[in-house]
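Asks:
Protein chains in written order, with this note's numbering: chain A, 8 to 406; chain B, 8 to 406; chain C, 8 to 406.
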């Protein structure tokens, strides 16, 4: 039964009460046009207002994304549904990063890659485990699928360490004897990007073709909405109104994602202004703030799924999204940087490398046993808090 | 049946033979007053003698602690009993560290934190696995409980790495542009200590309240002494004389812990003299010698439990003690350092960080499968030996 | 049924068709005398030809080694068979390293130790998982055995990190106050080598004596060749001709190993010439090329076993070989270096340490669940490719 408050307690039909409840969240959609107005009408320019309005506008949009993904998952299986969600979530980030890249801001791009990885793996997964764990004592998930993703994250971590190790080692040799130069760093990074990209492609074949059953197909589990008695977080109508068609789900997913991408960009623009007034460093904004905002969609979907005890979707959103950033978005951005004429390399700063490695090690440990509980969520959030403290105090090196 | 030697073979009543055996260990208690005399009677001052006498005196005291803890475990469950043991073991270390801190010796305090973590995780657990493994081919333990502790250790390791990474990265920026200063290191360490402390508090709620059954409650297993046929290591009378009351157990535990703390302090005082005559460095004494002595109580309890195939107690003593040092004692000492007016930070030396990370990585791997055998004990002890070799050769940097 | 091509399709007896097939591979044995002639007849000196001919000659020899090992495994159990294989594989490398050591080339020896570890753990195991995984959807193996080996590898990784950490830390102290000197590095390395060596000896007792059943004895599984319907990769006659005697297996194993060692040495000699003409660095040749060639035997055996779904042999060849290099061959070489009067230490370069640690972390993760599939093979090979890219671009530091 859905949660109802006093004003709806007299309604006898659940479907009717839901009709009353749903619009209350959807009323927040009013902030979408307000955000657009604040952004594009010069007279209304006010970054702080734009920031707050964008935050409010993104909530119902993310909710629609979550519902559309859940309906699609009925047809595609939990794993593929999660993959789909991750892809649409990262589409926004990819667009923002391409903008930054076209202006040569490779440092910002790298910081947002770092932030997206640790944000998804620690913050999103931590909140999912915590939310789900407060309702269910222990939640179980597919160990094999989680383990393959975790291993791919280790691969990504190694790929991020190597260019930094290369710089440190090669810098000890004079340039005339083959020592470090920015060109060599780029020459090293390009084939590494190719290896990551090919690995990602092969992993997609594994997930979608040869071992599809591992990731949950339409026959391997009942429809996602069969649990009629489940408490719904966002008052989805799925139970009452039946399943959406694939076409309807896809259309809503695409439209909602487009708006999330648009509003995310407003947010990012407004944050730069907030950074200066609040005295935050660029690295903190790139790694922590942009990543939280940019991943709001994955965030709400993963937490919602955890709350419904669909941990496999939750984990494939959180880990899958990090994975996609590391193995797909990062190489794509490196390839794109050559098109823009500002070749990027994969050399991250030492604190970024340590943050990514720490995040990946702890998530592997926690996901290794195929079970989660609320204290594991707390542990992931604690690591995120410690890394956020590091990036808060860290001065900007790129000056 | 208890092990009996030739002189007792004619006694038909096991209870009687035990009465004859027990005093033989308790006779060592005579060294407690001797140690006190050597320490406080000026005419008898002789640090080397005090060292040897204190070592002998600590053995029966640790034995009494082990027995009292075992009796308490009957009422509180294995996990909580282990936690209790770890707390009483660390009480001694906390007192010693507070003494050192009041004199501004933050380097010694940090070395003893490092040493306690690696000592418990490698030496105590290694000897437990080896001792238990020589008697039982394979010993099983609760994977979930071990895994939650191991994850918390990873969290602690990350918290110890971050301040060192911060120093290295921030030192590259000039101070006037926000570069590294000791004050910044302290400002970074304080919120990290708060995060660790809160995580520890929440983990206690998990262990003692929401998921108590995972850690073994009074109903989840039979009384700890039901295995009548088990061979007893220290001739405990539990089987013959029945259970102790909670009050008796607690009183003996408190009195024995107080004496262990007292004698431990004698040992630490005497070791400083031995250090200079034997040519040992401060870091070796802090990380290796103080830690072995300071953890003697956990040591004997954990090994005794492993010998009795109660691996869950054994592991919760060893890992739980490290955990408590890292997440509870270390933050508490940092908070206390502000009271003493000598603010401490969490920046450890690189060898200390490497030692802690190495110890935690190998213990996680070994405890990950929920089984132990003697060769896993050897592997933990080998890592301890390698780290001890490192600290033996390492020159004192703080000069 | 064996794979048969068109020309053999009319043969009705499998035994007969195999007779026709086997010689086709064995014809490659003609390259063994050709390689010997190219090496020892001065008129025929041509390093490039020698390189190609040696590569061709090693294929049938490695095939004979694989068959002999498989037959021995019927008597000795899978684990011991794998150990045996690893020993014979590493005999060749040990001989080559002793040659290099006698000329004081400790850098080359260390590079080949690094290369053997990462080559076995990433390349050999990766190709095994890939080959086996293309035939079988999921392959299972003994988790406990794999986990003990993986833990021993972690121990080895820690032992390799410590001397490098020692150098960095001790170098900050002036030499007159006990700072870093090459003699101290050797003094630190010698007891570490002793610890590794003792650990290896105790692990052998565990594997061969106290826990033999874990690693598969003659009674714990059927004969290795009972699967009459299996597709044979190298047209072994085992199924048709019955088992070989222990004596026959051992003789063939010894003769084939001797020739593999001989031809491997030809290859190594020829590679040095190829290095200069192809512009490769010494470190790339040591870590990548020598290791691939030196481990060709383990390589083909492990891949063959994976193809036959005997994953326990495959893994004990690949991981066991790395283990033996790290815990047995490396200490032995260090001890031998004192005999040659050119004491070696265990200080590896930072890229070497990172490569070994990365390899070990990912293999532990992948082998932790007791299952493999083709994408895990791809992941291991990707890490190998990334490390190979690093060593390709890395300039030689030892000039």
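Cβ atoms here follow ideal geometry from the backbone N, Cα and C, with glycine treated the same way.
(1) Could you tell me the distance, in whole angstroms, from the CA atom of residue 378/C to the CA atom of residue 393/A?
(2) When you compare only the Cα positions, how much space is there between residue 329/A and residue 397/A?
(3) With respect to the alpha helix (DSSP H) encompassing residue 174/C, which residues constitute its N-terminal and C-terminal limits?
(4) What is the rounded straight-line gap between the Cα of residue 152/A and the Cα of residue 251/A?
(5) To the nearest angstrom, report how far apart residue 43/A and residue 373/C are at their CA atoms.
(6) For residue 311/A, which of 76/A, 47/A and 363/A has the nearest alpha-carbon?
(7) Using C-beta distances below 6 Å, list every residue in its chain close to residue 257/C, excluding the 5 sequence neighbours before and after it, in chain order.
(8) Starting from the C-beta of residue 61/A, find all residues in its chain whose C-beta is less than 7 Å away, skip the five residues before and the five after it, and write them out in chain order.
(9) Quick check on residue 155/A - is its C-beta less than 9 Å from some C-beta in chain C?
(10) For residue 146/B, which beta-bridge partners are listed by DSSP?
(11) Between 383/B, 82/B, 292/B and 362/B, which has its C-alpha nearest residue 168/C's C-alpha?
(12) Which of the residues in the region 158 to 184 of chain C, read from start to end, lie with their CB under 8 Å from any CB of chain B?
(13) Is residue 361/C close to chain B, meaning its C-beta is less than 9 Å from at least one C-beta of that chain?
(14) Please list the residues of the region 373 to 392 of chain A that have a C-beta atom closer than 8 Å to any C-beta atom in chain B, keeping them in chain order.
(15) Does the CB of residue 400/C have a neighbour CB from chain A at under 9 Å?
(16) Taking the straight line between their C-alpha atoms, what separation do you get for residue 264/B and residue 367/C?
(17) Compare the C-beta of residue 403/A against all C-beta atoms of chain B and say whether one is closer than 9 Å.
(18) Please report whether the beta-carbon of residue 309/B lies at a distance below 9 Å from any beta-carbon of chain E.
(19) If I'm right that residue 48/A touches residue 266/A with Cβ under 8 Å, what's the distance once you round it to whole angstroms?
(20) Only counting the same chain, and skipping five residues up and downstream in sequence, which positions put a Cβ closer than 6 Å to that of residue 359/C?
(21) What would DSSP say about residue 348/C, mapped onto helix, strand or coil?
(22) Excluding the five sequence neighbours on either side, which residues of its own chain have a C-beta within less than 6 Å of the C-beta of residue 321/C, listed in chain order?
(23) Does any CB atom of chain C fall closer than 9 Å to the CB of residue 194/A?
(24) For residue 400/A and residue 191/B, which I take to be in contact (beta-carbon distance under 8 Å), what is that distance rounded to the nearest angstrom?
(25) Measuring only the C-alpha atoms, how far is residue 357/B from residue 37/A?
(26) Of the residues that make up the region 189 to 215 of chain A, which ones have a beta carbon closer than 7 Å to any beta carbon in chain C?
(27) Can you list, in chain order, the residues of its chain with a C-beta nearer than 7 Å to that of residue 196/B? Leave out the 5 residues immediately preceding and following it.
(28) Taking the C-alpha atoms as reference points, what is the distance between residue 355/A and residue 402/A?
(29) Using a 10 Å radius around the Cβ and a threshold of 16 neighbouring Cβ atoms, would you call residue 444/A buried or exposed?
(30) Would residue 201/A and residue 338/A be called neighbours here (beta carbons separated by less than 9 Å)?
(31) Which of the three DSSP states is assigned to residue 294/A in this structure?
(32) Grab the span of the alpha helix (DSSP H) containing residue 203/C for me, first residue to last.
(33) Which value, in whole angstroms, describes the spacing of the CA atoms of residue 112/C and residue 163/A?
(34) Quick one: list the residues of chain C neighbouring residue 327/A, beta-carbon separation under 7 Å, in chain order.
(35) Comparing alpha-carbon positions, which option in 131/B, 143/B and 209/B lies nearest residue 295/B?
(36) Any Cβ of chain C within less than 9 Å of the Cβ of residue 224/A?
Replies: If we stick to the structure as given:
(1) One Cα belongs to residue 378/C, the other to residue 393/A, and the distance between them is close to 35 Å.
(2) Taking the straight line from one Cα to the other gives about 21 Å.
(3) Per DSSP, residue 174/C is one residue of the alpha helix (DSSP H) stretching across 150 to 177.
(4) Distance between the alpha carbons of residue 152/A and residue 251/A is about 27 Å.
(5) Each residue's alpha carbon lies about 48 Å from the other.
(6) Minimum Cα distance to residue 311/A is reached at 76/A.
(7) Closer than 6 Å at Cβ, skipping near neighbours: no residue.
(8) Cβ neighbours of residue 61/A within its own chain (closer than 7 Å, five residues either side excluded): 42, 270, 273, 274 and 277.
(9) Answer yes: the Cβ-Cβ gap between residue 155/A and chain C drops below 9 Å somewhere.
(10) Answer is 379/B, bridged to residue 146/B.
(11) It is 362/B whose Cα lies nearest to the Cα of residue 168/C.
(12) So the list reads 158, 159, 161, 162, 165, 166, 168, 169, 172, 173, 175, 176, 177, 179, 180 and 184, given in the order they occur along the chain.
(13) Chain B, which has no Cβ nearer than 9 Å to the Cβ of residue 361/C, makes this no.
(14) So the close ones are 373, 375, 376, 378, 380, 381, 382, 383, 385, 386, 389, 390 and 392.
(15) Contacts with chain A at 9 Å (Cβ-Cβ) include residue 400/C.
(16) Between residue 264/B and residue 367/C, the C-alpha separation is close to 42 Å.
(17) Judged by the 9 Å Cβ criterion, residue 403/A is in contact with chain B.
(18) Looking for chain E here will not work: the only protein chains present are A, B and C.
(19) That belief does not hold up - the Cβ atoms of residue 48/A and residue 266/A are roughly 18 Å apart, past 8 Å.
(20) Same-chain partners within the cutoff: 121.
(21) Of the three classes helix, strand and coil, the one that applies to residue 348/C here is coil, per DSSP.
(22) Within the same chain, and ignoring the five residues on either side of residue 321/C in sequence, the residues whose Cβ sits closer than 6 Å to its Cβ are 135, 309, 312 and 313.
(23) Chain C, which has a Cβ nearer than 9 Å to the Cβ of residue 194/A, makes this yes.
(24) The pair is a contact, with the Cβ atoms about 6 Å apart (cut-off 8 Å).
(25) Answer to the nearest angstrom: the Cα atoms are 54 Å apart.
(26) Cβ contacts with chain C come from 191, 194, 195, 198, 199, 202, 206, 209, 210 and 213.
(27) If we look at residue 196/B and ignore the five residues flanking it on each side, its Cβ neighbours are 170, 341, 352 and 353.
(28) Taking the straight line from one Cα to the other gives about 15 Å.
(29) In this structure chain A extends from 8 to 406, so residue 444/A is not present and cannot be described.
(30) The Cβ atoms of residue 201/A and residue 338/A sit closer than 9 Å to each other.
(31) Reduced to three states, the DSSP call for residue 294/A is helix.
(32) Where residue 203/C is concerned, the enclosing alpha helix (DSSP H) starts and stops at 189 to 212.
(33) Pairing residue 112/C with residue 163/A, the inter-Cα distance amounts to about 35 Å.
(34) Under the 7 Å cutoff, chain C gives no residues; its nearest Cβ is about 15 Å from residue 327/A.
(35) Answer by Cα proximity: 131/B.
(36) Unreliable positioning characterises residue 224/A in this predicted model, as indicated by a pLDDT of 43, which lies under 50. The coordinate reading is nonetheless provided below. For residue 224/A, the answer is no, since every Cβ of chain C falls outside 9 Å of its Cβ.
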